[in-house]
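Report on one structure; see the data block that follows.
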Amino acid sequence: MDMSDAVIVNSSRLKSIVWNDFDRVKKGDTFVAICRHCKKKLSGSSTSGTSHLRNHLIRCQRRSNHGVAQYFSAKDKKKEGSLALVTIDQEQKNDEVLSIVNLRYEQEQIKSEHVGIGSNSLDQRRSQFDLARMIILHNYPLAMVEHVGFKIFVRNLQPLFELVTRNKVEADCMEIYAKEKQKVYEIFDKLPGKISVSADVWTASEDDAAYLSLAAHYIDENWQLKKKNLNFVTIDPSYTEDMHSEVIMNCLMDWDIDRKLFSMIFDSFTGDNIVERIRDRLSQNRFLYCNGQLFDVRCAVDLLNRMAHDALEALCEITQKIRESIRYVKSSEATQATFNELADEVQVETRKCLCIDNPLKWNSTYFMLEAALEYRKVFSCLRNRDPVNMKFLLSDPEWDRLITVASFLKLFVEVTNVFTRSKYPTANIFFPEICDIHLQLIEWCKNPDEYISSLALKMRKKFEEYWYKCSSGLAVAAMLDPRFKMKLLEYYYPQLYGDTATELIDDVFECIKSLYNEHSIVSPLASSIHQGLDWQASGIPGSGKDSRDRLMGFDKFLHETSQAEGSSSDLDKYLEEPLFPRNVDFNVLNWWKVHTPRYPILSMMARNILGIPISKVAAESRFDTGGRVLDHNWSSLPPTTIQALMCSQDWIRSELES
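In structure tokens, the structure reads:
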């Protein structure tokens, strides 16, 4: 529009504040409002109102958004309506999309004359970090910031935000990682107890890359069980066991937690040489309790998954026949109707649904087999009616074997659910469940059917390898549960070992006493006593600190007389007192938090033992037949960026949860 002969109109009727930023000009019979900042031409007619002018000022990129809130009047905030953004210059249609946006305001949220948005200037850096955190939290691809749809969304939402490139958002993610890592350093530095570290192997979804994930598990000063990812590093398949152990040690030393390490948790198939090399390195510096006897822990859920795999492998042919039978029943509505009629005739009471399993989740295969067993009579009747199509139905011996092996799988499913019921399970819950599996394996090996007994022996071999490494740690953790103490060992061990049970219980108790004695040496209580004894022995006049504590001599007297009188230790007192009643809502960490003043040394030991993650498998992947897989959005990124994203995601999520 040619504005050469336009005339600026000065009228006392122009009361709205928006005219501070617009010139109202007249071109013939048409009034036009021209933005003083970007020279945009909008309708200036008195019948058009000023809402579209306010809207433009909020979006105008050549104008700072300082004071934008003043253009939202109380009247505008209270009404429901639409703001029309109208352009009168056809040449500018490519620059701005004509749209009508309905803005609805909740009356109860209007507490002041100005809308909160826009009351302050846009914080570009904070918004960039918010964007980076969103990408980290939700596994979004870094390239999303360059997607056209995302750019349009952000531009319409907040035109003042300067869009960032993929490289810039990657740099922001790295900066977030550095800041969050420093927070984790500070947490570890102030920890009152030891740290246990779990090791897990991930793969990439699109190639053969492998990653080692390390996570720290500990009980904090508030007696809350916590987990923090430490590293997510690339490992080459050609690495030797020496190289694997060196990678882990370097990670531990980088975090400066090698001296704070209590145990490490590995998959049940991790090579013993890797574990021994790490344990030897730490034992040389005397960092480990009981000479590392409790250092090597294997994942209990991983053990259950491996035994379930053995059971399903033995059922491979039977399982395939069940799948074919179900496919035939589901092949047509007529066949399904016939099956339902037969189910009514034989009076099947189950309401379980027949469906094909998901091979990636072994519990779904168990549920398929369990449902098929409920319909065993119906399948037999269907075969009598349609022998041609039901030729793959199980024989009676196969049904009987399926019943037995399904009972194995049922136990594994139930125990896995117990182990993963809580996001951070404490170590005390594992011992009775593992002992029950041990007893069942002994019975299964006695089965007269060689098919069943050979399967049981195969599973038992895996179990005994696990039991040999982990039974002591499980037993100590059970002892630290005030509902059980030593009684749980006294209940299970005679069933497991018969006449040799007493000797094995004594071995466990020797381990407990050794562990307790080592904790007593490093406890703050013991330190204060030794400081008092050193002060008395030296005869040196007290320093400022000593002069304030005039009962150091009393500490020496108390220490000598208590030893002479043979007073009970924390451990003795704890074991002598009655068991705490068993109830569903019991929280062992809360119990120890309350009883720390009564058992100062034993509570230190409880903090370190109960924080061991006997299982390191996340609830959502507890029945997976494969390992953890890195999301394809991140797998193509540089290794340092992948580690930053994976660790930062864990830290930010933990912070949000707390």
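In case it helps, the numbering used here puts the sequence shown at residues 88 to 745. Cβ coordinates follow ideal geometry from the N, Cα and C atoms, glycine included.
Check	Outcome
Evaluate contact between the stretch 337 to 354 and the stretch 382 to 389, counting only Cβ atoms and requiring at least three cross-stretch pairs below 8 Å.	yes
With a cut-off of 8 Å on the beta carbons, I'd call Asp307 and Lys313 a contact; round off their distance for me.	5 Å
Starting from the C-beta of Tyr580, find all residues in its chain whose C-beta is less than 7 Å away, skip the five residues before and the five after it, and write them out in chain order.	Ala588, Leu591, Ile592
Tell me Thr134's beta-bridge partners as DSSP assigns them.	Thr134 is not bridged to any residue.
Rounded to a whole number of angstroms, what is the C-alpha to C-alpha distance between Cys260 and Asn254?	10 Å
Can you grab the Cα-Cα spacing for the pair Met692 / Gly640, in whole Å?	28 Å
Would the beta-carbon of Asp473 be found less than 6 Å away from any heavy atom of the ligand HEM?	With respect to the ligand HEM, the structure shown offers nothing to examine, as it has no ligands at all.
Counting pairs of Cβ atoms below 8 Å between the stretch 706 to 714 and the stretch 442 to 453, do you hit three or more?	yes
Please name the residue in Leu375, Tyr462, Gln527, Ala731 whose C-alpha comes closest to that of Gly431.	With the sequence shown as reference, residue 431 is identified as Asp, and Gly is not the correct amino acid for it. Comparing Cα-Cα distances from Asp431 to each of Leu375, Tyr462, Gln527, Ala731, the minimum goes to Tyr462.
Hey, could you find the ends of the beta strand (DSSP E) Phe353 is sitting in?	348 to 353
Which one of Leu381, Ser607, Val465 has the shortest CA to CA distance from Ala514?	Leu381
Taking Tyr661 as part of the alpha helix (DSSP H), name the residues at either end of that continuous run.	657 to 663
In the structure shown, what three-state DSSP assignment does His304 receive?	strand
Specify the secondary structure class of Trp289 as computed by DSSP and reduced to three states.	strand
Just to confirm my understanding: we take Glu233, look at its own chain, exclude 5 residues before and 5 after, and list those with CB closer than 6 Å. What are they?	Arg253
Starting from Ile365, follow the alpha helix (DSSP H) in both directions and report where the run begins and ends.	359 to 371
Within 10 angstroms of its Cβ, does Thr727 collect 16 or more other Cβ (buried), or is it exposed?	exposed
Alpha carbon to alpha carbon, how far is Arg191 from Met733?	Note that Arg191 scores a pLDDT of 33, beneath 50, so its modelled location is shaky; the value from the coordinates is reported in the next line. For Arg191 and Met733, the distance between alpha carbons rounds to 39 Å.
Hey, could you find the ends of the alpha helix (DSSP H) Phe673 is sitting in?	Premise fails: Phe673 is in no alpha helix (DSSP H) and is neither H nor E.
Which first and last residues belong to the beta strand (DSSP E) in which Lys315 is found?	312 to 322
Ile121 and Asp110 - do their beta-carbons sit closer together than 7 Å?	yes
Can you say whether Pro569 is buried or exposed, counting buried as having 16 or more other CB atoms within 10 angstroms of its CB?	buried
Quick check on the DSSP output: what are the complete alpha helix (DSSP H) runs of length 4 or more inside the stretch 691 to 723, in order along the chain?	719 to 722
Going by DSSP, name the residue or residues bridged to Ser283.	His304, Ser350
Would you list the one or two residues that DSSP bridges to Tyr298?	Trp289, Thr321
At which residues does the alpha helix (DSSP H) containing Thr425 begin and terminate?	420 to 432
Whole-angstrom Cβ separation of Lys347 and Leu278, contact assumed at under 8 Å?	7 Å
Rounded to a whole number of angstroms, what is the C-alpha to C-alpha distance between Trp106 and Lys238?	31 Å
Whole angstroms are fine: how far does the CA of Leu390 sit from the CA of Tyr376?	25 Å
Can you grab the Cα-Cα spacing for the pair Leu317 / Asp343, in whole Å?	11 Å
I'd like to know if the stretch 487 to 499 and the stretch 414 to 431 are in contact, where contact means that at least 3 CB-CB pairs between them fall below 8 Å.	no
Determine, using beta carbons only, whether Ser558 and Glu293 come nearer to each other than 7 Å.	no
Would you mind sorting Tyr305 into buried or exposed? The rule is 16 or more other CB atoms within 10 Å of its CB.	buried
Taking Cβ positions, are Ala564 and Val595 nearer each other than 7 Å?	no
Quick check on the burial criterion: 16 or more other C-beta atoms within 10 angstroms. Buried or exposed for Asn604?	exposed
According to DSSP, is Glu122 part of a helix, a strand, or is it coil?	With the sequence shown as reference, residue 122 is identified as Cys, and Glu is not the correct amino acid for it. In this structure, Cys122 counts as strand in the three-state DSSP scheme.
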